[in-house]
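If you're matching them up, the sequences are chains A and B in order.
Heads up, the first sequence is in this note's numbering, so the first residue is 1 and it goes up one at a time.
Heads up, the second sequence is in this note's numbering, so the first residue is 1 and it goes up one at a time.
Virtual Cβ for every residue (Gly too), placed ideally from N, Cα, C.
A short worksheet on the structure shown next.
There are 2 protein chains.
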Amino acid sequence: MTSSSARGALPHELEDLRAFTLDRVINDGRDAHGRVVALGTFVGEQAQSLVKLNRAPLPSSTDAVRALLREVTSMRTRMPYSGGEYGYYVSRDVEIEVIAPSALTEATEAARDKLLKKHIARSSTQRLVCARETPDMYTTKHEAQYIAAIPREATNWVREILSFRAEKERLLHADEHFVMNTDPKWTTHPDCETTDRKSWRDHPSVVDLYCLGIYAKDDLRSLRDVRAEHLPALRALLHRGREVIERVYGVKAEEIRVYVHYPPQFYHFHVHYQALSAKETTGSSCERAILLEDIIDNVERDGDHYANANLSLKMGERDNLYRLFFGDDANS
Amino acid sequence: MTSSSARGALPHELEDLRAFTLDRVINDGRDAHGRVVALGTFVGEQAQSLVKLNRAPLPSSTDAVRALLREVTSMRTRMPYSGGEYGYYVSRDVEIEVIAPSALTEATEAARDKLLKKHIARSSTQRLVCARETPDMYTTKHEAQYIAAIPREATNWVREILSFRAEKERLLHADEHFVMNTDPKWTTHPDCETTDRKSWRDHPSVVDLYCLGIYAKDDLRSLRDVRAEHLPALRALLHRGREVIERVYGVKAEEIRVYVHYPPQFYHFHVHYQALSAKETTGSSCERAILLEDIIDNVERDGDHYANANLSLKMGERDNLYRLFFGDDANS
């Protein structure tokens, strides 16, 4: 083996990778969140080298984004047009989502304008912060001022699922403790209405597995309300949930994280099932996601654990919770 | 307002974005993990629309990677050459890491070959799984068969930092409880040797803030060993650590997650400090990261909590731990 490169440039003075011959892709990005690793040989070398490739972050200055928009060409539709304000595309190296409320020609101008404002507020950069919520902060702020203001109708869609009036094509399991369905956020899943369930098992998309378990009764708004009496339901959500996933998708219990969000996105207790290999993991970060196994252990140790525990509460500065914990209302 | 586009194509039949005039970048990707959102107006529309841009995942088939390697040109060095086997580059839309053990001309051929094999094993796709470790599994497998086999020399580098013989340019704080430094994984940080510390405060790179707190004594290998007697050190790591970060970097306590990995990457107790806004969050996922605030609460409640608790243990099937928990040795 000679260790001198023909180009004398390894590994620190390369201008391109033309001198690199690919032998084998040793990492397809599945377990490394998109990072692809190529094994190959540089010209003049006998020993192999590795080349790891990652997408660079998008530029974000106004000029750079303007230039980027000019470079996005040959867009292909990524999802069929739903008739709504959304359009989904993919170009060579960029995924594009267009939101044009003006496309809703049957809505009033005022309605379209309101929708635009909502999309702008939701999508704008916001500072993220974490509060450490004591039981007292929960009672006086989170519960009394925030949860109390949420209309019951906000979780109507949950009751539609629990009563099998909605999302039947996504239903994976139902018993006295919970209902489980394929989460719509699992975007690579085969079409639930048109594909045979047998084809779901070991489908390539199981690397992104994401399912939702909805607690069947109406007495748990969030993790805060969980007590010893809920242990049978929690155990069913954990063990039976994973059995269903293995049966339908062929993904084993040890390949899945099962967790709860605090604060939740909606106040009817529910559980997330996600493949460890899934690419999108922003929702599983430790300041917001709590393993169901830890929850069960804590409640087995002390049935009132979640009545007395401190819990972390991540929020954006545009969230209504932020005002209560950090804004003008923080000391009221 | 007219809702018909001059191109009649909104939002679902676009081929490129030439008809879109950028008014403002409303999300620079900081809080949305790289997703950039542009607010602007399509030709013929009076109302604004949003365009969200995301990097598409890299292709991973052999042919597609071969084609991609040809497209990577005009590579610029991202970090100075360290004299090791690594080279770091950035191209227009791809970040590249080259690992060429053959560049280590002073090593023996056998040593270079061994290093190459190690890099291949580490970087190859592997199945990720989670075990739920009981205290007994810890004692009989993890501690007796895995930790016991790690030579003391493996943490020599930690003792070098603790005795101020290494990484002095990265040192942020030292007291009787812990030493804190800027983690080398914070790759966007200004050069620690050549830049003035005053310039670190409010530097644009603080969105990726990543620091390391190393416990000063030698009696804690991991979270498993933490007991009531360690509470003063844990509290110092949490509160003083965040004070130091606010003083040096201008990042506030509520903008940081402070957590511990279990299992750790090395068996000398340490704590990670990471901005909530950081892009790379794979290490903070709930099955591997435990909030220091939760650890302190648990130990305050029960000084022997971590002697008796079940802990989740994520591993890859190439890790030595895997063999112990899932492989041929699982029942020994």
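Report task. Answer yes or no: does any C-beta atom of chain B fall closer than 9 Å to that of A:ILE147? Result -> Sequence index remark: in the first sequence, residue 147 of chain A carries index 147 (1-based). For A:ILE147, the answer is no, since every Cβ of chain B falls outside 9 Å of its Cβ.
Query raised in the report: Under a CB-based cut-off of 9 Å, is B:VAL90 close to chain A?
Result: By one-based count along the second sequence, residue 90 of chain B stands at place 90. At least one chain A Cβ lies under 9 Å of B:VAL90.
Report task. Determine the direct distance from the alpha carbon of A:ARG55 to that of B:VAL94, and round the result to whole angstroms. Result -> Within the second sequence, the letter at position 94 stands for residue 94 of chain B. Within the first sequence, the letter at position 55 stands for residue 55 of chain A. If you take the alpha carbons of B:VAL94 and A:ARG55, they lie about 5 Å apart.
**Report entry** Helix, strand or coil at B:THR125 according to DSSP, with G and I counted as helix
**Finding:** Taking the first residue of the second sequence as position 1, residue 125 of chain B is located at position 125. Correct three-state label for B:THR125: coil.
Query - Range covered by the beta strand (DSSP E) that runs through B:ILE214 - result: Locating residue 214 of chain B in the second sequence gives position 214, where the first residue counts as 1. Residues 210–215.
**Report entry** Expected contact under 8 Å - CB spacing of B:ALA278 and B:LEU209 to nearest Å
**Finding:** Here residue 278 of chain B refers to the residue found at position 278 when the second sequence is read from its first residue. Here residue 209 of chain B refers to the residue found at position 209 when the second sequence is read from its first residue. The pair is a contact, with the Cβ atoms about 7 Å apart (cut-off 8 Å).
Query raised in the report: How many Å lie between A:ASP175 and B:PHE266 at the Cα?
Result: One-based indexing of the first sequence puts residue 175 of chain A at position 175. One-based indexing of the second sequence puts residue 266 of chain B at position 266. Cα to Cα, the separation comes out at about 44 Å.
Report task. Rounded to whole angstroms, what's the CA-CA distance from B:ARG257 to A:CYS130? Just pull it up for me. Result -> Here the question's residue 257 of chain B lines up with position 257 in the second sequence. Here the question's residue 130 of chain A lines up with position 130 in the first sequence. Cα to Cα, the separation comes out at about 8 Å.
Query - Rounded separation between A:LYS314 and A:ARG122 - CA only - result: Counted from its first residue, the first sequence places residue 314 of chain A at position 314. Counted from its first residue, the first sequence places residue 122 of chain A at position 122. The alpha-carbon atoms of A:LYS314 and A:ARG122 are separated by roughly 16 Å.
Query raised in the report: Going by other Cβ atoms of all chains shown within 10 Å of its Cβ, with 16 needed for buried, is A:VAL25 buried or exposed?
Result: Working through the first sequence from its first residue, we reach residue 25 of chain A at position 25. Looking at its Cβ environment, which holds 16 or more other Cβ atoms inside 10 Å, A:VAL25 is buried.
Requested in this report: Classify B:TYR262 as helix, strand or coil using the three-state DSSP reduction.
Outcome: Numbered from its first residue, the second sequence carries residue 262 of chain B at position 262. B:TYR262 falls in the coil class under three-state DSSP.
Query raised in the report: How about B:THR22 and B:GLY34: do their beta carbons lie closer than 9 Å?
Result: Taking the first residue of the second sequence as position 1, residue 22 of chain B is located at position 22. Taking the first residue of the second sequence as position 1, residue 34 of chain B is located at position 34. Before going on, a small fix: residue 22 of chain B reads as Leu here, not Thr. It is not a contact, given that the beta carbons lie outside the stated cut-off.
Query raised in the report: Going straight from the alpha carbon of B:ALA19 to that of A:ALA100, what length do you get?
Result: Here the question's residue 19 of chain B lines up with position 19 in the second sequence. Here the question's residue 100 of chain A lines up with position 100 in the first sequence. Rounded to whole angstroms, B:ALA19 to A:ALA100 spans 13 Å at the Cα level.
Requested in this report: Could you check which residue in B:ASP218, B:ALA216 and B:PRO190 has the C-alpha nearest to that of B:VAL248?
Outcome: The residue labelled residue 248 of chain B in the question sits at position 248 within the second sequence. The shortest Cα separation from B:VAL248 among B:ASP218, B:ALA216 and B:PRO190 belongs to B:PRO190.
Query raised in the report: What is the C-beta distance between B:GLY241 and B:GLY213, in whole angstroms, given that I count them as a contact (C-beta under 8 Å)?
Result: Translated into the one-based positions of the second sequence, residue 241 of chain B becomes position 241. Translated into the one-based positions of the second sequence, residue 213 of chain B becomes position 213. With a Cβ gap of about 5 Å, B:GLY241 and B:GLY213 count as contacting.
**Report entry** Beta carbon proximity, B:ALA309 to chain A, threshold 9 Å
**Finding:** Translated into the one-based positions of the second sequence, residue 309 of chain B becomes position 309. Yes - at least one Cβ of chain A is within 9 Å of the one on B:ALA309.
**Report entry** Inter-residue Cα distance where the pair is B:GLY250 and B:ASP202
**Finding:** Numbered from its first residue, the second sequence carries residue 250 of chain B at position 250. Numbered from its first residue, the second sequence carries residue 202 of chain B at position 202. Pairing B:GLY250 with B:ASP202, the inter-Cα distance amounts to about 6 Å.
Query raised in the report: Taking Cβ to Cβ, would you say A:LEU311 is nearer than 9 Å to A:ARG227?
Result: In the first sequence, residue 311 of chain A corresponds to position 311, counting from 1. In the first sequence, residue 227 of chain A corresponds to position 227, counting from 1. No, the pair does not count as a contact, with Cβ atoms beyond the cut-off.
Query raised in the report: Name the DSSP bridge partner or partners of B:SER312?
Result: As a working mapping, residue 312 of chain B is identified with position 312 in the second sequence. In the DSSP output, where bridge partners are listed per residue, B:SER312 has B:ARG132.
Query - First through last residue of the alpha helix (DSSP H) which encompasses B:GLY87 - result: Translated into the one-based positions of the second sequence, residue 87 of chain B becomes position 87. No alpha helix (DSSP H) contains B:GLY87, which is instead part of the beta strand (DSSP E) from 86–90.
Requested in this report: Select from B:LEU324, B:ARG323, B:GLU317 and B:PHE326 the residue whose C-alpha is nearest the C-alpha of B:THR125.
Outcome: The residue labelled residue 125 of chain B in the question sits at position 125 within the second sequence. Comparing Cα positions, the closest option is B:GLU317.
Query - Nearest neighbour of A:LEU234, chosen from A:VAL260, A:GLU255 and A:ALA253 [CA to CA] - result: By one-based count along the first sequence, residue 234 of chain A stands at place 234. For A:LEU234, the nearest C-alpha among the options comes from A:VAL260.
Query raised in the report: CB-CB under 7 Å to A:ALA6, same chain, minus the five flanking residues each way: which ones, in chain order?
Result: As a position in the first sequence, residue 6 of chain A is number 6, starting the count at 1. Confidence at A:ALA6 is low in this model, with a pLDDT of 39, below 50, so its placement is unreliable and the value that follows should be read with caution. Contacts found: VAL43 and GLY44.
Query raised in the report: Is the beta carbon of B:GLN274 less than 9 Å from the beta carbon of B:CYS211?
Result: For the purposes of this step, residue 274 of chain B is taken as residue 274 along the second sequence, with counting starting at 1. For the purposes of this step, residue 211 of chain B is taken as residue 211 along the second sequence, with counting starting at 1. In contact: B:GLN274 and B:CYS211 (Cβ atoms closer than 9 Å).
Report task. Give a yes or no on whether the minimum CB-CB distance between B:ARG70 and chain A is below 9 Å. Result -> Looking up residue 70 of chain B in the second sequence gives position 70. Closer than 9 Å to some Cβ of chain A, the Cβ of B:ARG70 qualifies, so yes.
Requested in this report: Name, in chain order, the residues that DSSP records as bridge partners for B:GLN274.
Outcome: On the second sequence, residue 274 of chain B is found 274 positions in, with the first residue counted as 1. Partner(s): B:TYR210 and B:ARG257.
Query raised in the report: Sorted by chain position, which residues of the same chain lie with C-beta nearer than 7 Å to B:PRO147's C-beta, five sequence neighbours on each side aside?
Result: What you label residue 147 of chain B is simply residue 147 of the second sequence in a count that begins at 1. Note that residue 147 of chain B is Ile in the sequence shown here, rather than Pro. So the list reads ARG221 and TYR267, once near-sequence residues are dropped.
Report task. For my contact list, A:ALA38 and A:VAL51 are in at a C-beta cut-off of 8 Å; report their separation, rounded to the angstrom. Result -> In the first sequence, residue 38 of chain A corresponds to position 38, counting from 1. In the first sequence, residue 51 of chain A corresponds to position 51, counting from 1. So it is a contact: roughly 5 Å between Cβ atoms.
Query raised in the report: Hey, does A:SER3 have any beta-carbon neighbour from chain B nearer than 9 Å?
Result: Along the first sequence, one-based indexing puts residue 3 of chain A at 3. In this predicted model, A:SER3 has a pLDDT of only 36, less than 50, meaning its place in the structure is not dependable enough to derive any value.
Query raised in the report: Where does the unbroken beta strand (DSSP E) through B:LEU23 begin, and where does it stop?
Result: By one-based count along the second sequence, residue 23 of chain B stands at place 23. For the record, residue 23 of chain B in the displayed sequence is Asp; it is not Leu. Run containing B:ASP23: 20–27, per the beta strand (DSSP E) assignment.
Requested in this report: Spatial neighbours of A:THR2 within its chain, please: CB distance less than 7 Å, with the 5 preceding and 5 following residues excluded, ordered by chain position.
Outcome: The residue labelled residue 2 of chain A in the question sits at position 2 within the first sequence. Residue confidence is low: A:THR2 scores 34 on pLDDT, short of 50, so the model does not pin down where it sits. No coordinate-derived value is stated.
Query raised in the report: Do we get a CB-CB distance below 9 Å when we pair A:GLY316 with the residues of chain B?
Result: One-based indexing of the first sequence puts residue 316 of chain A at position 316. At a cut-off of 9 Å between C-beta atoms, A:GLY316 counts as an interface residue with respect to chain B.
Query raised in the report: Alpha carbon to alpha carbon, what distance is there between A:LYS252 and A:PHE269?
Result: Locating residue 269 of chain A in the first sequence gives position 269, where the first residue counts as 1. Locating residue 252 of chain A in the first sequence gives position 252, where the first residue counts as 1. Whole-angstrom Cα-Cα distance: 24 Å.
Query raised in the report: For B:SER4, does the count of other Cβ atoms within 10 angstroms reach 16, so buried, or fall short, so exposed?
Result: Counted from its first residue, the second sequence places residue 4 of chain B at position 4. Reliability fails at B:SER4, whose pLDDT of 37 lies under 50, so the model's placement of it is uncertain and the value that follows must be treated cautiously. B:SER4 is exposed by the Cβ-count criterion.
Query raised in the report: What did DSSP end up calling A:SER361 once you bin it into helix, strand or coil?
Result: Since the first residue of chain A shown is 1 and the last is 332, residue 361 of chain A is not available in this structure.
**Report entry** Under 7 Å from the C-beta of A:TYR259: neighbouring residues of chain B
**Finding:** The residue given as residue 259 of chain A occupies position 259 in the first sequence. Within 7 Å Cβ-Cβ: CYS286.
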